[in-house]
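For reference, the structure discussed in these notes is given below.
Protein chains: 2
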Amino acid sequence: MLEKELRDAYHFIFEEELLIEITKFGTLREVKAGETIIDIGDYVKSMPLLLEGAIKILREDKDGDELLLYFLERGDTCAMTLACCLGHTKSEIRAVAEKDTHLVMIPIDKMEEWTSRFKSWRNFVFESYHSRLTEMLDTIDTIAFYNMDERLMRYLQDKAKINKNEQIQVTHQEIAYDLHTSRVVVSRLLKKLEIEGKIGLQRNSIMVHDL
Amino acid sequence: MLEKELRDAYHFIFEEELLIEITKFGTLREVKAGETIIDIGDYVKSMPLLLEGAIKILREDKDGDELLLYFLERGDTCAMTLACCLGHTKSEIRAVAEKDTHLVMIPIDKMEEWTSRFKSWRNFVFESYHSRLTEMLDTIDTIAFYNMDERLMRYLQDKAKINKNEQIQVTHQEIAYDLHTSRVVVSRLLKKLEIEGKIGLQRNSIMVHDL
DNA sequence: CAGGCTATGTAACAAAGATCACATACTAAA
DNA sequence: TTTAGTATGTGATCTTTGTTACATAGCCTG
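In C-alpha cells:
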C-alpha cells in the first residue's frame, strides 16, 4: 500500500534504491481532513512526504490568529519542517490536512544519511527549498501588494484547484481565519465578487466560476 | 586579500580544503553602497558569499515599486540566489549593497561539485536555506501582523544594527521605498515616533534612541 | 546672498479594512 | 414544527493608510 502510493508519487524523482529505503524505513500515516499534522512549537522527529491529499501551512500571530501561507500537494514536502528537522529546532508553522491525506514519515537520521548517499535525495531537498522559497515570495506578494478582494479571489481559486472541485465547502468564518481578517469583511467582499459574477454563494459552500 | 577576508568570515564553518578551493576558483568582487549586485530577471551564473559589508534584498511589485525583504551580513549568502542558481532560473529578487561590500563569487559548476564533495558546504547550503526561510517568515509576520508604525520602528532598528550606528543616514523617501508606502505616511509616523521619544529627526538622518 | 533643488511638515480628503450591532436565513435536533 | 444554534447580510462608525496639495526649511552653487 505504502509502496504503491510512494511509487505513484515519487518514482520520477527517486532512484530505485532510494524508493526501497523509503519503503523500509518510512511509516505510512493517514490523517483526516482538518487534523493538525504538525503544530507550532513541536519538535519534529520525522519528516513527512506527501503521497496523497493536501496540506495547508499556517503561521500564527501573537494573539493566536492564523494566516495561511500556502498549500502542499502530492509529491511535495514541507521545507519549513525540513529546515526544523535539520536544524533541530521547534516548528515555526502549523500543518493542517486540507483533505484526507496520506504521508510517509521519514526518520531524521535516515534523512541525513540519504543526503550524503543519494544524489536524487539531495536534489529533492534543494528543489523543495527552492519551491518553498518561491511560494513564500508569492505569499509576500499577495499580502503586501494586493487588496483583500484580490487575495480572497486567489484564495478561492487555490482552494478550488487543491480540492479539484470548483464547488468549495467552506464558511465565511473559516476563510476569515485563513486570510487573517474578519468574517464581516469576508462576507462583504464575497458578496461583491458574487455581484461581479465571479462566484456563486450558498450556505457552507462557494462556487468558483472564474478559475 | 581575498584569502584573509575569507578566513575571517568562514574559517569556523568551512574545512581547510574547501577554503583553498574557494580561494582558487572564487573571485573577489567589491561593490559600493547603493550599487545593484543582482537584479530581478538576471540569470545568475555565480553565487555570492558575503565577506564584508551588508546587502539588502528587495522584491518588486507590478508597478515597479519595491519592498525590503531582509538584510544579509558577513557570513551570509543569498539563498534566493542559490535557489535560482541550482534551478537555473532567473532571479526573483534584487540585491543592493547597503554598505560598501566585499563578496566572493563562486561559479555554479563548482558549487554543484562541492555539494557532493564537502559535507561542510552542504551544511552551509542547508543552513542558508533555513535562515532565509526564517527571515521570510519574519518578513511575513511584520507585513501581515503589524501596523506601519511598528514596521517603521523595526526597520530603523534593523538599519541601525546593520550599519552599527544608531545615527542612520536616510531620507523619508528612501524609507518609503523600502517599506512599500508613501513618503507622506513615513514622515507622519516618524514625527509620531519622535514625539514618543523613540527617535530623533534631522535632515537626511535619524537617531534611533530605542535600540 | 539669491535662486533653485531637495527634504520635511501638515492639512484635507479618500479608500480599505476593522469592529460593533443587529437582522435574517438555514439546519438539525428535540 | 418549534427552537436553538450556526451562517450570512448589512448599516454605522472608527482607524489606518493612501493621495493630493501646498508650505516651509535646509543646503548648495553661482
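These protein sequence lines map, in sequence, to chains Z and P.
In terms of our numbering, the first sequence is residues 21 to 231.
In terms of our numbering, the second sequence is residues 21 to 231.
Yeah, the Cβ is synthetic: ideal placement off N, Cα and C, and Gly gets one too.
I want to verify the contact list: residues of chain Z whose CB lies under 8 angstroms from the CB of residue i, in sequence order.
i      : result
E112/P : T154 and L157
L87/P  : I160, A164 and F165
A99/P  : Y149 and L153
F32/P  : None at all; the shortest Cβ gap to chain Z is about 17 angstroms.
Which of the three DSSP states is assigned to residue i in this structure?
i      : result
G107/P : helix
Y166/Z : coil
M227/P : strand
S207/P : helix
T201/P : coil
R27/P  : helix
F32/P  : coil
T191/P : coil
I58/Z  : strand
E186/Z : coil
E147/P : helix
E216/Z : coil
F138/P : coil
M125/P : strand
E132/P : helix
E112/Z : coil
E94/Z  : According to the sequence as given, residue 94/Z is Arg; it is not Glu. If DSSP states are grouped into helix, strand and coil, R94/Z belongs with coil.
K181/Z : helix
A74/Z  : strand
A117/P : strand
M67/Z  : strand
Against residue i, what residues of chain P qualify as contacts under a CB-to-CB distance less than 8 angstroms, listed in chain order?
i     : result
D81/Z : D161, A164 and F165
F45/Z : Going along chain P, no residue has its Cβ under 8 angstroms from F45/Z, so there is no contact; the nearest lies around 20 angstroms.
With 16 other CB atoms within 10 Å as the buried threshold, where does residue i fall?
i      : result
V64/P  : buried
I40/P  : exposed
K139/Z : exposed
R198/P : Per the sequence presented here, residue 198/P reads as Asp, with Arg not at that position. Under this definition D198/P is a buried residue.
R223/Z : exposed
F235/Z : The requested residue 235/Z is not part of the displayed model; chain Z covers only 21 to 231.
V145/P : buried
I75/Z  : buried
H108/P : exposed
G84/P  : exposed
I215/P : exposed
L89/P  : buried
V204/Z : exposed
R36/Z  : Note that residue 36/Z corresponds to Glu in the displayed sequence, not to Arg. Exposed, because fewer than 16 other Cβ atoms sit within 10 Å of the Cβ of E36/Z.
D28/P  : exposed
K82/P  : exposed
H200/Z : buried
H229/P : exposed
L106/Z : buried
D96/Z  : buried
T135/Z : buried
K179/P : buried
L231/P : exposed
S66/Z  : buried
L26/P  : buried
H31/P  : exposed
T101/Z : buried
M156/P : buried
Determine the chain Z residues that contact residue i at a beta-carbon separation under 7 angstroms, and present them in chain order.
i      : result
Y149/P : A103 and Y149
G54/P  : None at all; the shortest Cβ gap to chain Z is about 23 angstroms.
I want to verify the contact list: residues of chain P whose CB lies under 7 angstroms from the CB of residue i, in sequence order.
i      : result
F146/Z : L106
Could you tell me whether any non-hydrogen atom of the ligand FAD is closer than 6 angstroms to the CB of residue i?
i      : result
V228/Z : This structure lacks the ligand FAD, and indeed carries no ligand of any kind.
Q: Give the residues from the region 125-144 of chain Z that approach chain P closer than 8 angstroms (Cβ to any Cβ), ordered along the chain.
A: Within the region 125-144 of chain Z, the residues whose Cβ lies closer than 8 angstroms to some Cβ of chain P are T135, S136, K139 and R142, listed in chain order.
Q | Interface positions of the region 193-217 of chain P facing chain Z (Cβ-Cβ less than 8 angstroms), listed along the chain | A | Those residues of the region 193-217 of chain P that come within reach of chain Z (Cβ to Cβ, closer than 8 angstroms) are H200.
Q. Do three or more CB pairs link the region 41-55 of chain Z to the region 163-176 of chain Z at distances below 8 angstroms?
A. Contact between the region 41-55 of chain Z and the region 163-176 of chain Z is absent, because fewer than three Cβ pairs lie under 8 angstroms.
Q.
Can you confirm whether the region 149-168 of chain P touches the region 185-193 of chain P when touching is taken to mean that 3 or more C-beta pairs between the two stretches lie within less than 8 angstroms?
A. Output reads no: the region 149-168 of chain P does not touch the region 185-193 of chain P.
Q) Counting Cβ pairs closer than 8 angstroms, one from the region 108-122 of chain Z and one from the region 111-127 of chain P, do we hit at least three? A) Segments in contact, no.
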